[in-house]
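Okay, structure first, notes after.
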Amino acid sequence: MARQLKIRLLTWDVKDTLLRLRCPVGEEYATKARAHGLEVDATALGKAFRQAYKVQSHRFPNYGLSRGLTSCQWWKDVVLQTFHLAGVQDVQAVGPLADQLYKDFSMPCTWQMLEGAEATLRGCRKRGLTLAVISNFDHRLEDILVGLGLREHFDFVLTSEAAGWPKPDPRIFHKALQLTHTEPAAAAHVGDSYHCDYQGARAVGMHSFLLVGPEPLDPVIRDSIPKEHILPSLSHLLPALDCLEGSTLGCKT
């Protein structure tokens, strides 16, 4: 008789899985810039941020730790480059603003929980699951989770800054498995990134669920994932776990 699958460890991405920013980055940057006497268009700042973040991530992966940078310095450089790309040439004016924005994004009030986040985490705990975070975040994440009342749900928080490897690097997933003495087949991961979360976890033998937002899922991605691995919302997770473990509870085909 086949042994029934039992998930013991459930790891979580955080940004856009459990938490999201209260305001879009461009709006937040524009508001704080105004307080510093700078008028910059929010849409232009949002576009510039995406460009600056992409370039910085490619040039200095995982906060540039292997190149001698700190995550604080890495983020401040992103802010400086964002305003430069948005047309602000006065570096001296942007310097204090970069300091302020770094502090602001460290504050729990800048973030909000996704609908169903706390209820889902409580439901997972009631099932006896070990919960942990695997996030491409920096050291500020601990205080953000504490401030929002979510830290108590997790046995540990493993950031890419602390681990030294960002998702989808298999080593960060293996580290979480080692910390909990869990075999990959008894672990599952939840996240919103197909590449970093869904594929990253599956590459090490873990189960995985992809949380999708209101935007339509790329057809190529959608067709490559079993529908029972796709979560339209966090409230779908517990029924999906029932399906995964072979239970009939909440399992819809």
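In terms of this note's numbering, the sequence shown has 177 at position 170, counting the first letter as 1, and numbering is strictly consecutive. Where a beta carbon is used, it is the ideal one built from N, C-alpha and C, also for glycine. Note that this is a predicted model, so its numbers are computed, not measured.
Under the 10 Å beta carbon count, Q63 is surrounded by 16 or more other beta carbons and is classified as buried. Assigned with DSSP and collapsed to three states, V98 falls in helix. Boundaries around R27 are those of the beta strand (DSSP E), 26-28, since no alpha helix (DSSP H) includes it. Distance from the CA of R209 to the CA of H43, rounded to the nearest whole angstrom, comes to 46 Å. In the three-state reduction of the DSSP assignment, K61 falls in the helix class. About 11 Å separates the Cβ atoms of L121 and L28, ruling out a contact at the 8 Å cut-off.
The C-alpha of P223 lies about 42 Å from the C-alpha of Q99. For A126, the uninterrupted alpha helix (DSSP H) segment begins and ends at 124-133.
Look at the beta carbons and you see the segment 49-63 not touching the segment 143-150: under three pairs across the two are nearer than 8 Å.
L16 is bridged by DSSP to T137, A194. With a cutoff of 7 Å on beta-carbon distance, S78 and E168 are scored as near each other. Here L138 really is in contact with R132; their C-beta atoms are around 7 Å apart, less than 8 Å.
Per DSSP, the unbroken alpha helix (DSSP H) holding Q185 starts and ends at 177-187. Annotation: L12 to R178 spans about 24 Å, alpha carbon to alpha carbon. Within the same chain, V47, A51 come within 8 Å of G94 by CB-CB distance, once the 5 residues on both sides are set aside. Secondary structure at I237: strand, using DSSP grouped into helix, strand and coil.
In the DSSP annotation of this structure, H91 is not part of any beta strand (DSSP E); the continuous alpha helix (DSSP H) holding it starts and ends at 78-92.
With distances taken between CA atoms, G156 lies nearest to P115 out of P175, V140, P115, R134. Shown here, K174 sits in coil according to DSSP, grouped into three states, outside any helix or strand. With at least 16 other beta carbons inside 10 angstroms of its own, V140 counts as buried.
Here I14 is near A195, since their CB atoms are less than 7 Å apart. The segment 65-76 makes no contact with the segment 18-35: fewer than 3 CB pairs, one atom from each, lie closer than 8 Å. If you compare the alpha carbons of V197, T187, A59, A40 with that of D23, the shortest gap goes to V197. If you look at V211, you'll find it isn't in any alpha helix (DSSP H); DSSP assigns it neither H nor E.
Between L217 and I232, the beta carbon gap of about 6 Å places them in contact (Cβ cut-off 8 Å). Q96 sits exposed, since fewer than 16 C-beta atoms from the chains shown fall within 10 Å of its C-beta.
Between S215 and D20, the C-beta spacing is not below 7 Å.
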